[in-house]
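Asker:
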Amino acid sequence: MKPRISMITLGVNDLEKSIKFYHEGLGFPKMETSPEVAFNPFFWVGPEDENE
-6 MKPRISMITL GVNDLEKSIK FYHEGLGFPK METSPEVAFN PFFWVGPEDE NE
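Going by the numbering used here, the first residue of the sequence shown is number -6, and it counts up by one from there.
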């Protein structure tokens, strides 16, 4: 198997400001989240066919 990075997490001081930057500023699509997951939101960066 070819090595690859599958997930990167970033801690931020201002979550709302960061969401606006990544979603509105950079155009990263937000992934669906679940209330059962403690760490939200998720953004997708990569080929569309891998976003399944």
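Backbone N, C-alpha and C fix where the C-beta goes; we use that ideal spot for every residue, glycine too. Since this is a predicted model, take the numbers as computed values, not measurements.
#1: Quick one, are the C-beta atoms of H16 and F36 less than 8 Å apart?
#2: My output table needs one value for F14: the three-state DSSP class, helix, strand or coil.
#3: Roughly how many angstroms separate the alpha carbons of P28 and M(-6), rounded to a whole number?
Answerer: According to the data block:
#1: The answer is yes: Cβ separation under 8 Å.
#2: Helix at F14.
#3: Rounded to the nearest whole angstrom, the C-alpha separation of P28 and M(-6) is 33 Å.
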